[in-house]
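Participant: So that we are looking at the same thing, I have put the structure below in structure tokens.
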Ligand SMILES: [Zn+2]
Ligand SMILES: [Zn+2]
């Protein structure tokens, strides 16, 4: 009696079905464009888009607002790739895995920027450093962000010193012991290297102070980030003439519905009014995102840090209230999308 194979070979019929399905997939999912459907791109799509890239690219690593867990969209993080150098903006949970999925090597990571100290933007900053280090992250990686980033970095490195030392000894690696941190408390120039000039603005995100927006002027492309903020003139000014503006986006009708449902389930620790007051003081409704982008005159507006971060809102619903005011290209952010 012969052994049965564990897995049967594909039948001619299933092979044919696969072949027939392929062109349809290719027609709806085009790496490097904003056409892919669903809440995220696959790592293969992102890698293909980066491989074919000419010039500076932005990858949206996480596009969900807030500390949502168990959802399709990761917490906020981005990476910009220019001339072989990688720049990470924000480190929400998931940043390390998402970075790896782009295929960008950790040794390319030059600098990390943090917009503000909410957990959905900084919780995986330390883990990115330590896990990145074992994957050849340069020891001279730099970090930028609001105070107390220096203290936070030192405290984290102290907490993980023994952990890092075990691998350093075992694998004869130079341990990651400290990170060159530059704190930012005011608007103005932040840093400059061969690829990029970075500047920051102060945004409105009470009670978080300071909370920052950033602009990256690469040689071939400028990319501005609102960070988390209430609608703000300073964001439009910062983004004036930029190629790309990544703006946080809150779709209020869906937020209210989702919030009422969560409260009804007993799964929400605060009242509707308290939470909505926070959201209105701290975040930007879709229509205002459109107004700000139009005033800034950017070519492309990327909607990200999407509130509520749920999958059931389709792209057109995200886009429509923004498009009433902004006449340029609108991209609804998806995790691993390359822009
Ligand atoms: Zn946030
Ligand atoms: Zn925030």
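Residue numbers (our numbering): 1328 to 1666. C-beta atoms are modelled at their ideal positions from N, C-alpha and C, and glycine is treated no differently. Predicted model only: the values in this text are computed from it and were never measured.
#1: Between the C-alpha atoms of residue 1483 and residue 1420, what's the straight-line distance to the nearest angstrom?
#2: Determine the contact status of residue 1412 and residue 1433, defining contact as a CB-CB distance below 8 Å.
#3: Who are the Cβ neighbours of residue 1573 in its own chain at under 6 Å, not counting the five residues just before and after it?
#4: Would you tell me roughly how many angstroms separate the C-alpha atoms of residue 1428 and residue 1374, rounded to the nearest one?
#5: If the criterion is Cβ atoms closer than 8 Å, does the pair residue 1366 and residue 1555 meet it?
#6: DSSP beta-bridge partners for residue 1512?
#7: Assuming residue 1549 and residue 1578 form a contact by the criterion Cβ under 8 Å, report the distance between their Cβ atoms to the nearest whole angstrom.
#8: According to the neighbour-count rule (16 or more other Cβ atoms, all chains shown, within 10 Å of its Cβ), is residue 1395 buried or exposed?
#9: Tell me, please, whether the region 1379-1396 touches the region 1488-1506 by the rule of three or more beta-carbon pairs shorter than 8 Å.
#10: What residue from 1532, 1404, 1591 has the CA that sits closest to residue 1422's CA?
#11: With hydrogens ignored, establish whether the beta-carbon of residue 1574 is closer than 7 Å to any heavy atom of ligand 2.
#12: Looking at residue 1438: is its Cβ nearer than 8 Å to the Cβ of residue 1457?
#13: Comparing C-alpha positions only, which one of 1570, 1547, 1408, 1426 sits nearest to residue 1451?
#14: What do you reckon, is the C-beta of residue 1535 under 7 Å from a heavy atom of ligand 2?
#15: Per DSSP, residue 1592 is paired with what?
#16: Taking its Cβ as the centre, do 16 or more other Cβ atoms sit within 10 Å of residue 1546, making it buried, or is it exposed?
#17: Give the single residue among 1383, 1399, 1472, 1380 whose Cα lies nearest to the Cα of residue 1418.
#18: Would you mind sorting residue 1475 into buried or exposed? The rule is 16 or more other CB atoms within 10 Å of its CB.
#19: From the DSSP output, in three-state form, read off residue 1545 for me.
#20: Could you pull the start and end residues of the alpha helix (DSSP H) that residue 1452 belongs to?
#21: Any contact of the region 1616-1627 with the region 1647-1657, i.e. 3+ C-beta pairs under 8 Å?
#22: Work out the CA separation of residue 1465 and residue 1480 for me, nearest whole Å.
#23: Which of the three DSSP states, helix, strand or coil, is assigned to residue 1653?
#24: Where the beta carbon is closer than 5 Å to any heavy atom of ligand 2, which residues qualify, in chain order?
#25: Using the Cβ count rule (16 or more neighbours within 10 Å means buried), how would you classify residue 1575?
#26: If we ignore side chains and look at the alpha-carbon of each, how far apart do residue 1494 and residue 1459 end up?
#27: Going by CA-CA distance only, name the one from 1558, 1401, 1616 that's closest to residue 1653.
Facilitator: Taking the definition as stated:
#1: Position 156 of the chain shown, counted from the start, is the residue given in the question as residue 1483. Position 93 of the chain shown, counted from the start, is the residue given in the question as residue 1420. Whole-angstrom Cα-Cα distance: 16 Å.
#2: Your numbering for residue 1412 matches position 85 in the chain shown. Your numbering for residue 1433 matches position 106 in the chain shown. Not in contact: residue 1412 and residue 1433 (Cβ atoms no closer than 8 Å).
#3: The residue you call residue 1573 lines up with position 246 of the chain shown. Around residue 1573: 1552, 1629, 1631.
#4: Translated into the one-based positions of the chain shown, residue 1428 becomes position 101. Translated into the one-based positions of the chain shown, residue 1374 becomes position 47. Straight-line Cα distance between these residues: approximately 8 Å.
#5: Working through the chain shown from its first residue, we reach residue 1366 at position 39. Working through the chain shown from its first residue, we reach residue 1555 at position 228. No. Outside cutoff.
#6: Taking the chain shown and counting its residues from 1, the one referred to as residue 1512 is at position 185. According to DSSP, residue 1512 bridges with nothing at all.
#7: By one-based count along the chain shown, residue 1549 stands at place 222. By one-based count along the chain shown, residue 1578 stands at place 251. About 27 Å; that fails the 8 Å criterion.
#8: Counted from its first residue, the chain shown places residue 1395 at position 68. Looking at its Cβ environment, which holds 16 or more other Cβ atoms inside 10 Å, residue 1395 is buried.
#9: no
#10: Mapped onto the chain shown, residue 1422 falls at position 95. Of 1532, 1404, 1591, the residue nearest in Cα terms is 1404.
#11: For this step, residue 1574 is matched to residue 247 along the chain shown. Answer for residue 1574: no, Cβ out of range of ligand 2.
#12: As a first step, residue 1438 is located in the chain shown; it is residue number 111 there, counting from the start. As a first step, residue 1457 is located in the chain shown; it is residue number 130 there, counting from the start. Taking 8 Å as the Cβ cut-off, residue 1438 and residue 1457 do not qualify as a contacting pair.
#13: Position 124 of the chain shown, counted from the start, is the residue given in the question as residue 1451. Minimum Cα distance to residue 1451 is reached at 1426.
#14: In the chain shown, counting from the first residue as 1, residue 1535 sits at position 208. Yes, Cβ of residue 1535 sits closer than 7 Å to a heavy atom of ligand 2.
#15: Here residue 1592 is taken as the residue at index 265 of the chain shown, counted from 1. Per DSSP, none; premise fails for residue 1592.
#16: The count along the chain shown starts at 1 and reaches residue 1546 at position 219. Looking at its Cβ environment, which holds fewer than 16 other Cβ atoms inside 10 Å, residue 1546 is exposed.
#17: Residue mapping note: residue 1418 aligns to position 91 of the chain shown, counting from 1. Among 1383, 1399, 1472, 1380, the Cα nearest to that of residue 1418 is on 1472.
#18: As a working note, residue 1475 is residue 148 in the chain shown. Exposed: under 16 other Cβ atoms inside 10 Å.
#19: Reading the chain shown from its first residue, position 218 is the one you call residue 1545. DSSP places residue 1545 in strand when its eight states are reduced to three.
#20: Residue 1452 sits at position 125 when you count from the first residue of the chain shown. Element bounds for residue 1452: 1452-1461.
#21: yes
#22: Looking up residue 1480 in the chain shown gives position 153. Looking up residue 1465 in the chain shown gives position 138. Those two C-alpha atoms are separated by around 16 Å.
#23: Residue mapping note: residue 1653 aligns to position 326 of the chain shown, counting from 1. Of the three classes helix, strand and coil, the one that applies to residue 1653 here is coil, per DSSP.
#24: 1445, 1555
#25: Start at 1 with the first residue of the chain shown, and residue 1575 comes out as number 248. So residue 1575 counts as buried.
#26: Translated into positions along the chain shown, residue 1494 becomes position 167. Translated into positions along the chain shown, residue 1459 becomes position 132. Taking the straight line from one Cα to the other gives about 13 Å.
#27: Here residue 1653 corresponds to residue number 326 of the chain shown, with the count starting at 1. Measuring from the Cα of residue 1653, the nearest candidate turns out to be 1616.
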